[in-house]
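Okay, structure first, notes after.
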Amino acid sequence: MEKIKLCKSRIFPINICRNIFMVMLISILVSAYANGSKSNLKRTKYKTTGLYGFVNEGKKTGWWALSSMQGDNVEMNSGFSDNWRVPAIYDDVSDEFCEDLAAVFFNGHVGFIDQFNRMVIPPKYLPSKKLNGFKFGLSAVNVNGKYGYINKKGEVVIPAIYDYAENFDDNLLATVVMNKRYGAIDLTGDTVVPCKFLKEELMKFVPIQNKLYRAATKLVKSNFQAGKYKKIQDGIYSVAEEVGQHLSDTAYKYELPKIKPIIFAKDTAHYGMKLPGDTMWIVKPMYSKILSIGDGFYEVDKDWHKGIVDLYGRTIIPCIYAAIEYQPKANLFVMGGGYKLFGKSYDLYGLTDANGYMIIPPTYESIFKYDKGVSNAMLLGMLFQIDKDGLMPTEDALSLTRAMVANANNQDKQADLTCLTYARPDIAEIHRQRGLCRKEMDLIGQGIKDLSIAHELEPSNKEITQEMKDLKGIRNSRRLDNVLAILQVASAVATTAATIAGGNTVDGGSTYSDDGYSGDNSYMSSSKNGLSREEYQQQYDRWVDAMERQYNGSMHSSNGATYVNDKQNMRRIKKEMEHVRREASRHGYVINRSQWEDANVEACGQGVNDLEIGKHGTRPRR
């Protein structure tokens, strides 16, 4: 009997198990709604301007997907290494997209954007201590200094009566502040924890102190199960569902505000924009021209370059292009202008959508009107169709590649092939031909990068694999030659230093043996009688020969890194020549001064024609 009683005491009552299951189910449902769809967009600061946007770190599409096929260890086409899904145009943004929306702060106000940078809720709220997204379909906002909660249409759900408010937590409670005291409310706006705590941490986490908060958590869960929040939730979810349909439609355009900005001239040279009745600039007066082009967009000019701003004051396209054309039916801009690639001038144009997302960087010489998702474009004198991502057909790209490889010189070929890598960054043959072109131009490092990209795109292509190995072999051979040259120079420098510091002989009287000259430098001894005139002349002539050999070696060296050491050696040799003449003069002999002793060693490495030696600037004869 005792064992039976013991076993019964270990069995959970059925009603307790049922309650636990219900709580877990509710928690899962709440958590799923609260978290929403996970975004692959990362809040990122653009170092050049200090502004914020979102970079796509997830699965890429279009041009960016093809460019990413090059791998992480090779340079991106045209330097566009970051796939900015939302351009860096905001003073600050929320940490992430919550329920497909993110808060953005610019021009002193807070608004909400979707993942395509469309302004879902206009910027009309004052800044807060924290940029909140949405949680359970609501977001805390600052309305004229008081905090309340709005739904995804910007409609007030909980009135703005609090000194401060935070978004709802997973337990369906939200922290609020009134009269500098912290409390908590539920989804209906009812106060479930009185505003009596000095700190939020005291209310939530400190034992005994948090008794009210723990009791409120249980109460809200009970009310949730009883359906007390169903009406308010139905309203919130209905709005969220309606907005969600618009968010998933990439072609949807949100209704623009009926109030239009007014263009003002701060002075005769600079223009900006304000909203009627507002004293704050939504576009600072820094442009030489502002022109309305329709659909809430304005073309602006600054420093002879064009850009685009919208009626919210957002910079859709920065002022970095020579020309911009708006295509309203396609909802995009053609932007570009004067470009130089390796000394060759191009007028290249790319595509940016109406929300500031770059579809393709400047790539084509012309892009015509889009119709039903396709357009005509011109590159290197050839006309063809491009799709909505700005990509040219594979066969056209290969035809252009074959044509320029056959006809262009290396310099033009390199520039033209670079344009083609922008138009189709996923075709191995284009990268391969650019790599071979750079090999012919002796640009070994750049050629290896190109062939590496081609190899990544077509790893089974044995021809590309072998060409890449051959080019790496040339690079490694040159590296070895450079190392040997550096070691030889280092040996010569060490020998020279030892000769100067240790006397007239090194290793049995051999001096500068690595450079091919040696001799008995007995003039450096402390002999009272000195040497004969012939012996001084012989010593001096040896240093003249050493100087000439050092100079000739420097002029024919392909390694610029050795020039510094060459100059140091020649300076030492000149001092030795001067020392020999002085020693001879001290003992009554005159040694004629060679023009090599007057050589301008600072010009070493600039070429024979640029080296100024002696009074006449020519190489001396002995």
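Under this note's numbering, the sequence shown is numbered contiguously, ending at residue 1201. All residues carry an ideal CB built from backbone N, CA and C; glycine is no exception.
Just checking my contact of residue i with residue j at CB under 8 Å: how many whole Å lie between their CB atoms?
i	j	result
leucine 710	phenylalanine 747	The pair is not a contact, with the Cβ atoms about 16 Å apart (cut-off 8 Å).
isoleucine 1006	glycine 969	At roughly 15 Å, the Cβ-Cβ gap does not stay under 8 Å, so isoleucine 1006 and glycine 969 are not in contact.
asparagine 686	isoleucine 815	Asparagine 686 to isoleucine 815, Cβ: 29 Å. No contact.
arginine 1013	threonine 1000	7 Å
glycine 823	aspartate 679	7 Å
valine 772	alanine 795	5 Å
threonine 767	tyrosine 808	7 Å
phenylalanine 963	serine 954	With a Cβ gap of about 10 Å, phenylalanine 963 and serine 954 do not count as contacting.
What does the alpha-carbon distance come out to for the pair residue i and residue j?
i	j	result
phenylalanine 876	tyrosine 761	44 Å
valine 1068	arginine 1003	47 Å
methionine 886	methionine 782	In the sequence on display, residue 886 carries glycine and not methionine. Glycine 886 and methionine 782: Cα-Cα distance of roughly 51 Å.
histidine 1166	aspartate 1145	32 Å
aspartate 765	leucine 752	5 Å
glutamine 812	glycine 806	10 Å
lysine 714	aspartate 880	41 Å
tyrosine 1091	aspartate 1060	Residue placement at tyrosine 1091 is poorly supported in this model, since its pLDDT is 42, which falls under 50; the coordinates still yield a value, given next. Spanning the two alpha carbons is a distance of roughly 21 Å.
lysine 839	asparagine 723	22 Å
lysine 919	lysine 708	46 Å
leucine 705	valine 720	8 Å
leucine 629	lysine 621	Correcting the residue type first, residue 629 is glycine in the shown sequence and not leucine. Each residue's Cα considered, the two are about 16 Å apart.
valine 755	aspartate 670	26 Å
phenylalanine 676	methionine 698	14 Å
glutamate 878	glycine 892	12 Å
alanine 909	isoleucine 895	16 Å
aspartate 674	alanine 682	9 Å
valine 888	glycine 637	28 Å
alanine 774	lysine 797	Reading off the sequence, residue 774 comes out as cysteine, not alanine. So the two alpha carbons sit approximately 18 Å from each other.
valine 913	leucine 1063	54 Å
lysine 624	valine 672	10 Å
leucine 854	leucine 911	25 Å
alanine 1204	aspartate 661	This structure gives no information on residue 1204, because the portion of the chain shown stretches from 580 to 1201.
glycine 922	glutamate 1035	29 Å
tyrosine 1202	lysine 863	Within the shown structure, residues of the chain are numbered from 580 to 1201, placing residue 1202 beyond reach of any answer.
leucine 645	lysine 800	49 Å
leucine 777	histidine 688	29 Å
tryptophan 643	glycine 1026	23 Å
tyrosine 831	alanine 956	27 Å
glutamate 1042	methionine 655	24 Å
tryptophan 1122	glutamate 1019	42 Å
Can you tell which of the options has its C-alpha closest to the C-alpha of residue i?
i	options	result
tyrosine 936	Arg1165, Lys992, Asp1029, Thr640	Thr640
glutamate 1155	Glu1181, His1166, Gln1116, Val1143	Gln1116
serine 618	Asp693, Asp670, Ser660, Gly629	Asp693
isoleucine 965	Leu930, Glu745, Asn989	Leu930
glycine 960	Gly712, Tyr943, Val888, Val862	Tyr943
methionine 757	Ile946, Lys626, Thr1044, Glu779	Glu779
glycine 917	Glu1114, Ile899, Asn910	Ile899
arginine 1161	Val1143, Gln1118, Asn1148, Ala795	Gln1118
arginine 1057	Thr1044, Glu1035, Ile1043, Asp1021	Asp1021
isoleucine 700	Val818, Asp975, Ser646, Ser1164	Val818
aspartate 995	Val1169, Ser924, Lys1041, Thr973	Ser924
glycine 1024	Ile1043, Asn1055, Lys732	Asn1055
proline 738	Asp769, Asn1179, Tyr833, Ala933	Asp769
asparagine 1171	Phe659, Leu777, Lys732, Glu1113	Glu1113
glutamate 974	Glu1008, Val1072, Tyr866	Glu1008
Would residue i be called buried (16 or more neighbouring beta carbons within 10 Å of its own) or exposed?
i	result
phenylalanine 691	buried
lysine 951	exposed
tryptophan 883	exposed
glycine 1052	exposed
proline 941	buried
proline 702	buried
glutamate 1181	exposed
lysine 837	exposed
methionine 1149	buried
lysine 1028	buried
tyrosine 928	buried
serine 1039	exposed
glutamine 990	exposed
alanine 933	buried
alanine 848	exposed
serine 978	exposed
So is the beta-carbon of residue i under 6 Å away from any non-hydrogen atom of the ligand ATP?
i	result
valine 799	Within the structure as shown, the ligand ATP is missing, as the structure has no ligands at all.
I'd like to know whether the C-beta of residue i is nearer than 7 Å to at least one C-beta of chain B.
i	result
aspartate 1177	The chain labelled as chain B is not found in the depicted structure, where only one protein chain is given.
Exercise. Does the region 862-874 touch the region 902-909, meaning 3 or more C-beta pairs lie closer than 8 Å?
Worked result: yes
Problem set entry | Cβ pair count under 8 Å reaching 3, the region 630-640 against the region 656-675 | yes
Exercise. Do three or more CB pairs link the region 774-792 to the region 824-835 at distances below 8 Å?
Worked result: no
Problem set entry | Given 8 Å, three or more beta-carbon pairs between the region 1122-1129 and the region 1041-1051 | The count of Cβ pairs closer than 8 Å, one atom from the region 1122-1129 and one from the region 1041-1051, stays below three, leaving the stretches out of contact.
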